[in-house]
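Numbering (the numbering used here), first residue to last: 15 to 184. Beta carbons: idealized from backbone N, C-alpha and C, even for Gly. Taking it in order: structure first as structure tokens, then the write-up.
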């Protein structure tokens with residue numbers, strides 16, 4: 015449980031680092047310092063092997079997958095085979111991505127209700143914009159209420175269900 019919690023925190027930081035650079039969002043200093051200090055030990059050596067291509071920080075993304083693979087490799091002790099461990103690691107990696115997006119959406123919703131002018135609110139809004147923009151084109155405002163966050167959360171929940179079904183063989 016402790017290994018999983020540490021892996022999730024580190025993997026989340028690596029995925030956040032990838033997403034910030036992928037959508038070209040400049041983080042506040044505190045977020046940048048936390049994210050980069052937590053992940054530099056892995057990303058810097060990986061960049062020698064996996065350079066950034068197309069403006070994407072592939073070392074961060076691969077680093078996150080390596081962390082989930084390392085955390086999942088504990089299943090070897092339970093007698094799991096290598097292909098099964100790799101498949102489980104891939105499933106958990108995709109779940110981390112979906113849960114990360116869901117967390118960002120929930121944080122944005124909380125900011126909009128509690129303090130829309132909080133210092134981190136524009137940063138979180140910018141992280142969510144690529145997810146919400148296509149939904150906002152389809153889902154109109156309802157009485158000046160933006161339901162795109164709710165729709166995005168439902169779509170991500172459906173994606174989690176589909177992911178679970180795909181990996182369970184149903």
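**Study point:** Per-residue DSSP class, three states only, for residue 67
**Key:** Looking at residue 67 - three-state DSSP - the assignment turns out to be strand.
Check your understanding: How many angstroms separate the CA atom of residue 121 from the CA atom of residue 138?
Key -> Going from the Cα of residue 121 to the Cα of residue 138 covers about 7 Å.
Check your understanding: residue 177 and residue 108 look like a contact to me (Cβ under 8 Å); what is the Cβ gap, rounded to whole Å?
Key -> Contact between residue 177 and residue 108 holds: their C-beta atoms lie close to 6 Å from each other, under 8 Å.
**Study point:** Nearest-angstrom Cα separation, counted from residue 20 out to residue 129
**Key:** The alpha-carbon of residue 129 is positioned some 30 Å away from that of residue 20.
Point to revise | Identified DSSP bridge partners for residue 156 | key: According to DSSP, which records beta bridges pairwise, residue 156 is partnered with 159.
Check your understanding: Are the beta-carbon atoms of residue 162 and residue 146 separated by less than 8 Å?
Key -> In this structure, residue 146 lies closer than 8 Å to residue 162 by Cβ.
Review point. Does the Cβ-Cβ distance between residue 76 and residue 64 come in under 8 Å?
Key: Taking 8 Å as the Cβ cut-off, residue 76 and residue 64 qualify as a contacting pair.
Review point. How is residue 38 classed by DSSP in three states: helix, strand or coil?
Key: In this structure, residue 38 counts as coil in the three-state DSSP scheme.
Exercise for review: Along the alpha helix (DSSP H) that carries residue 93, what are the first and last residues, could you check?
Suggested key: No alpha helix (DSSP H) holds residue 93; DSSP gives it neither H nor E.
Check your understanding: On the three-pair Cβ rule with 8 Å, is the stretch 53-70 touching the stretch 93-100?
Key -> No, they do not touch.
Exercise for review: Please name the residue in 118, 131, 78 and 125 whose C-alpha comes closest to that of residue 105.
Suggested key: Here the closest residue by C-alpha is 78.
**Study point:** Neighbour-count burial assignment, residue 142, 16 or more Cβ in a 10 Å radius
**Key:** Looking at its Cβ environment, which holds 16 or more other Cβ atoms inside 10 Å, residue 142 is buried.
Practice item. With distances taken Cα to Cα, identify the nearest neighbour of residue 55 among 28, 152 and 123. Key: Closest in C-alpha terms to residue 55, from the list 28, 152 and 123, comes 28.
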